Amino acid sequence: MGKNLTGDNSKICSPQGNEHSIPLSVFLQKLGVDENGLRDQEAARRLKECGANILEETGKESRIKKYLRQFRNLFSILLTVGSILSFIGEYLDPGKGNLYIGIALAGVVVINGTFTFIQEYQAEKTMESFRQLLPPHARTLREGKVKDILASELVVGDVILLEEGDKVPADGRLIEINTLKVDNSAITGESEPQLRSLECTHPNMLECRNMVFSGTLIQSGNGKAVIFATGKNTQIGSLATLTQQTSGVDTPIRREINYFIKVISTIAISLGIVFFILAFLLQDVFLASLIFAIGIIVANVPEGLLPTVTLALSLASKRMASRNALIKQLESVETLGSTTVICTDKTGTLTQNKMAVNSIMIGFECLVLENPASTKKTTTEQDISESTNKADVEKFADSGAEEFCALKKPVWDPEKLPSVFIRVAGLCNNAKLRESAPGYTGDPTEGALLVFANGLEDIGKLKNDYPRLEEFPFDSLTKRMEVICRTPEGKLEVYLKGAPEVVVKMCSSSLDSGGTRKLDETEQQKLLNRHLNLAKKGERIIALAYRPIEELREYTGDFIFLGFVGIVDPPRPEAREAIAKCHTAGIKVVMITGDHPVTAESIAKDVGLANSGNLEIITGNELATLSRADLASRLKNPSIVFARTSPVQKLKIVQLFQAEGEIVTMTGDGVNDAPAIKNADMGVAMGSGTDVAREAADMVLLDDNFATIVNAVEEGRTVFDNIKKFIVYILASNIPEILPFIAFVLFALPLPMPVQLILAIDLGTDMLPAIALGKEKGEGDIMKRPPRAKEEKLLTPPLLFTAYAIKGPVEAIAGFFCYFSVLFEGGWSFGEQLANNNPLYMQSITAFFSAVIICQIANVFASRTRYQSVFSMGLFSNRTVLVGIASELLILAFIIWNPSANLIFNTSPLDLRYLLIAVPFAILLLGIDELRKYLLRKNVIWVTRYLKW
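Each position in the sequence shown, counted from 1, maps to that position plus 305 in the numbering used here.
Okay, structure coming up:
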């Protein structure tokens, strides 16, 4: 057991390439291990010598490349060109301030790119920290005991246990298999899962079926393997193919941002060209006209957009992580906000995943457990009303009083519960017992059966007395599982569990208090009718059967029916409220379960799914046989349950809803859920689910809770809202930045707002308030609105109209009013030209700049909400806004009264009364936007059509 092989360490750490072809005994001897695994001490030594079982990301983009990539967007290119032209202008005509403009533009490009890089880098680190919360684990045999360890701690020689849904943690050779199928597509590109073997089947290691490789996925079955290569020595490590999964993903929000950049850049370039031509025709000075065009372009570019969007998404992902939802792809946050349909599993998501046996039926006779959490066996009276109907009771009673469950006297001595019943429940089972809650690991249904059986018999002793020889795993198509065990007498028995309608049809006789009784079709139907009474209580019903056999193969008939087990899983108390929240938000909630329709209907009613109207129940068979038109009609119902469906049908359900134009969020935890999770608009995996499901998902729920999905949807909607608020805020200041250039050309006014002051607004005073809007919490009605339309853009005509035709003009009027107040009081008259260093001109542009800043303070308050009154949010609910406003006032004071700033920005100290002139305009801007929101809340048609953004 784990021999010390220090002298041969290099041979152990590095595979020789013949591990698949040498005899198994030689292979094990070479690695110094036997079937009991390594000693802990030896494993620790090998970990130190060979290193951790981790892979470096070889395809990862370097930090330098990431940083340089920030300068490839259209905004940066426009500003860089503007900077170069400004430097050329300074060279050709020195002393006109073009040098400062060129430096300022270059600084904007560098600062903006750096800030965006920092935000993306921090967001990436956040995503990495989220992934570390779910590190891959492996189950290994050490000193004969099964231990759960981090996959990074695996060493050469470790014996690992592989089960359906696992991701293989390192390269290994199989030493035990049970119908094991592995998806090797990550290594070989084969699309179909391959059945494994203990024999060498191919001279090429990659094609040999006695091998499993790091990064591949266990599709079905189970087995054991001995690790012979870890980390960089694995096949996937040597291929050096590991790259960041998030690269090149074009999410909806990224498409929206790109669209926004194109539209605004087009507007900027078009205005720049038009007014360059106009200025050149009117003034006939090429260089001045060119610099003027640069100013127009700079005024249109929202420099802070990209870092603010990244920050908003990053903050949302952190908030979601604190609420047990881990986002794998940052920009997927927003996709959640547009969800129109949530397809959810029942078990563990809508229910508590605390399954326990609640009732049992032996043959035709019922036992109801008084305390499902324990294994105390008590026969209790079951209400007659739970029988199908009085006629059925009488009909069963005619055949013998022992044949129905609702008797008023005990019909079975619990202490004489058949041992074969307990054996089937405990041995036809792949769950494992553990001391911590809930008492098992593995499938919850199997876990409930195992805990129940272990309370009646020692499962460890049963497994020793009845060793498993063969397993035919549960399959979602066959809906059953079989295992073959050897009895202490040396005979063979096959144990069967599965869906009642499948198991009962495979039985030719039934256990009876007097022995066994034959089952014809009528008797089989009686049993199936009987199990519906348990299902009506919301119990998941499992049928058990067995038969003696002579040979090892799968059996499909002549079983002896043992009984039904009713398992309950209480609904989560918060599920009802979360579903009601979804219905209010216009989101359709669809429950998908493998349970019987009667059980599914009971659970659906318990969690509030049926509250919105008639419950539409669609079975797996109907899903397979109904036409697309019929299904489309039934999918329109607000409350839908898919019952007796297989995981592979989830993909069809996703595609059906998507064909109807829905944005689908799909949950899942198993191997067969992965295609549906991957194809959904938003794939959600359970934290307790398989590696395969988690790998396919966009989001992982640490608490497996449906309410967490609803919270995440709310965060997604808030992100989209906040980005829109930010855009309308920054676009509003474009008008008072552009109009001065137009007035300069058309009316020969002294330029009211030079480029330096435009940059002071865009990258100075506006930056912190814009970031603060990205931290805004959702409005009170955010989950009372319908989901946003799939075609809705970030940049819409109503948004542009609000920014360019309402808020912007108010700010521009305020600026011109203050500008002319200074000029006229200083004795200026129309047509008079003022030099750039004229004190009156310097004061007038300072007044214009100040008025825009004061109006932007009102604008940031107004932009905190889209529909609700800003006064409903509370002044201190977003303290970052107050910090942003303070920063605006500090920058404004610095630019007005600091001598160095006066030199750079060509400003001059200003009388305070000129600043106060702008305050009524700021109040007017806030009042107009409050009126817009009030009319929206009153559903005034023309306001909704033209001003709802």
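For each residue, glycine too, the CB sits at the ideal point set by N, CA and C. Just so you know, these numbers come straight off a predicted model, no measurement behind them.
DSSP beta-bridge partners of residue i
i: Y800; result: V788, Y851
i: L522; result: K472, D488
i: F1125; result: Beta-bridge pairing links F1125 to no other residue.
i: V1245; result: DSSP output for V1245 lists no bridge partner at all.
Burial state of residue i, where buried means 16 or more other Cβ atoms lie within 10 Å
i: P796; result: Pro is not the amino acid found at residue 796; the sequence shown has Lys there. That one is exposed.
i: V1060; result: buried
i: G1232; result: exposed
i: F1269; result: Here the chain has residues from 306 to 1254 only, and residue 1269 is not among them.
i: G868; result: buried
i: R999; result: buried
i: W1247; result: exposed
i: R858; result: exposed
i: A349; result: exposed
i: E670; result: buried
i: Q334; result: exposed
i: T995; result: buried
i: N838; result: buried
i: K1095; result: exposed
i: V451; result: exposed
i: K681; result: Residue placement at K681 is flagged as unreliable, the pLDDT there being 37, under the threshold of 50; a coordinate-derived value is accordingly withheld.
i: E794; result: exposed
i: S692; result: Confidence at S692 is low in this model, with a pLDDT of 31, below 50, so the placement of that residue is unreliable and no value is reported for it.
i: H507; result: exposed
i: S1134; result: exposed
Where residue i falls: helix, strand or coil (DSSP)
i: I1222; result: coil
i: D817; result: strand
i: R377; result: coil
i: P498; result: coil
i: N1203; result: coil
i: N694; result: Its pLDDT being 34, under 50, N694 is placed unreliably by the model, and the measurement read from it follows with that caveat. N694 falls in the coil class under three-state DSSP.
i: G337; result: coil
i: R444; result: strand
i: A711; result: A caution first: A711 carries a pLDDT of 35, below 50, which makes its placement in the model too unreliable to give a value.
i: T898; result: coil
i: C671; result: strand
i: R351; result: helix
i: G322; result: coil
i: L867; result: strand
i: L857; result: coil
i: T683; result: No answer about T683 holds up, because its pLDDT of 33 lies below 50 and its placement is not dependable.
i: P1055; result: coil
i: E479; result: The question names Glu, yet the displayed sequence has Leu at residue 479. Three-state result, L479: strand.
Residue nearest to residue i in terms of C-alpha spacing, selected from the options
i: S381; options: T419, V809, E347, G356; result: T419
i: E540; options: S490, L761, Q499, I569; result: Residue identity check: residue 540 is Gln in the sequence provided, not Glu. Residue S490 is the option with its Cα nearest to Q540.
i: T535; options: R560, F392, M660, V464; result: V464
i: S519; options: G526, A530, S525; result: A530
i: E429; options: T615, E1097, V1033; result: T615
i: Q954; options: I667, I423, T484, S781; result: S781
i: I359; options: N341, M625, L455, G1132; result: L455
i: R728; options: Q963, E798, G1069, S818; result: E798
i: S502; options: R478, L522, T521; result: R478
i: L1236; options: G1189, L1221, T1212, Q1173; result: Q1173
i: E448; options: T385, H442, E504, N341; result: N341
i: Q829; options: F864, A584, V638; result: F864
i: Y800; options: K842, G862, G747, K370; result: G862
i: F1210; options: Y405, A626, S326; result: Y405
i: A915; options: D900, I1032, V895, V638; result: V895
i: C355; options: F533, S594, R1093, P498; result: F533
i: P778; options: L1068, E469, A1053, E504; result: E469
i: I872; options: A890, R835, T750, R881; result: T750
i: V646; options: L373, V1033, S330, A985; result: A985
i: G925; options: T898, N417, I1200; result: T898
i: R791; options: I854, F1031, A1065; result: I854
Inside the segment 718-770 only - beta strand (DSSP E) runs reaching at least 3 residues | Residue ranges of uninterrupted beta strand (DSSP E) with 3 or more members are absent from the segment 718-770; none lies entirely inside it.
Which runs of the beta strand (DSSP E), 3 residues or longer, sit entirely within the segment 941-988?
-> Here the runs fully enclosed are 944-948, 969-973.
Unbroken stretches of the alpha helix (DSSP H), 4 residues or longer, contained in the segment 604-646 | Segments of the alpha helix (DSSP H) lying fully in the segment 604-646: 610-627, 637-642.
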